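Mapping the sequence shown onto the UniProt record's numbering, position 135 (from 1) lands on 135, and the numbers just tick up by one. The beta-carbon is built from N, C-alpha and C at its ideal position, and this holds for glycine as well. Since the model is a prediction, treat every value here as computed from it, not as a measurement. Here the structure comes first, spelled out in structure tokens, and everything after it is commentary.
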Amino acid sequence: MTRIRRMEGADLAAHTEGIRQVYADVFSAPPWNEGPSAAARYAERLAGDAARPGFTAALALDGDAVTGFATAWTTPGTFPSGRSYGHVAEALGPDRVTAWLCGAVEVDELAVSPGCRGTGLGAALLSAVTEDAPGGRCWLLTSVHAEAALRFYRRAGWHQVQVPVPGRAGLTVLLGPAHPAAADPAVRT
């Protein structure tokens, strides 16, 4: 019997190996094509991410085995510049970044073991980490090449921002189902 469990950062330590394994199983496949070292780096990064303001995680657990996970945190009021944030800021501009993303719940990772897909775990995990989004303001980045992920998010009611994010990664911004900016002409369902 799989259950979804929300937890804070300190509780994640007991599940790090399971999270690392799910990450490796999911992100080693196309379009991500990440090697085993990427999963190890993610597991190491998770401890630091857990200290971010507003951090939350949800695990899909079958007994003690992790079959999926999602992590999220509150995007700071001063939009970050590292990782892909600079490209997002360049694409959306300062007004949209401030209005749409700063202070919103940012979904960082969502992964479900390949054998558990199609069971509703992904939707349950996504809901668990975004249910407290202030005013429905939640967002995430994914690859335009991740067609299955894009279909999943659209079925879940997420809205793709039609402003291309520059850079080689081919990223796109998605806004949550109740995000107030979903009515903006730059966003499509």
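Presumed contact (8 Å Cβ cut-off) between residue i and residue j, rounded CB distance
i       : j       : result
Trp-73  : Ala-181 : Not confirmed; about 19 Å, so no contact.
Val-163 : Ala-186 : 5 Å
Leu-174 : His-159 : 6 Å
Ser-113 : Thr-67  : 5 Å
Ala-57  : Leu-126 : Wrong, their Cβ atoms sit about 12 Å apart, outside the cutoff.
Alpha carbon of residue i to alpha carbon of residue j, nearest angstrom
i           : j       : result
Ser-143     : Arg-117 : 19 Å
Asp-184     : Tyr-85  : 21 Å
Gly-166     : Glu-90  : What sits at residue 166 in the sequence shown is Pro, not Gly. In a straight line, the C-alpha of Pro-166 is about 8 Å away from that of Glu-90.
Ala-39      : His-179 : 31 Å
Gly-135     : Thr-119 : 28 Å
His-87      : Trp-32  : 19 Å
Thr-130     : Arg-137 : 9 Å
residue 224 : Thr-78  : Because the chain is modelled from 1 through 189, residue 224 falls outside the range shown and cannot be assessed.
Gly-176     : Arg-188 : 12 Å
Thr-2       : Tyr-153 : 22 Å
Cys-102     : Leu-92  : 12 Å
Gly-54      : Val-97  : 18 Å
Thr-172     : Val-22  : 23 Å
Span of the alpha helix (DSSP H) around residue i
i       : result
Ser-37  : 36-49
Thr-130 : 121-130
Arg-154 : 147-155
Gly-9   : 9-12
Extent of the continuous beta strand (DSSP E) run through residue i
i       : result
Leu-141 : 138-143
Ala-60  : 56-62
Gly-93  : Run containing Gly-93: none in the beta strand (DSSP E); it sits in the alpha helix (DSSP H), 85-96.
Val-26  : No beta strand (DSSP E) holds Val-26; the alpha helix (DSSP H) holding it covers 16-27.
Phe-79  : That residue, Phe-79, is in no beta strand (DSSP E); it is neither H nor E in DSSP.
Trp-73  : 65-74
Proximity below 9 Å, CB of residue i to CB of residue j
i       : j       : result
Ile-4   : Ala-111 : no
Ala-51  : Ala-13  : no
Ala-156 : Ala-123 : yes
Asp-49  : Gly-9   : yes
Ile-34  : Ala-24  : Checking the displayed sequence, the identity of residue 34 turns out to be Glu instead of Ile. Contact flag set, yes.
Gly-115 : His-145 : no
heavy atom of the ligand ATP below 8 Å from residue i C-beta
i      : result
Ser-84 : As far as ligands go, the structure on display features none, and thus does not contain the ligand ATP.
query = So, do the stretch 102-109 and the stretch 65-82 have three or more beta carbon pairs nearer to each other than 8 Å?
reply = yes
key: Stretch pair the stretch 49-63 + the stretch 7-19: three plus CB contacts closer than 8 Å   = yes
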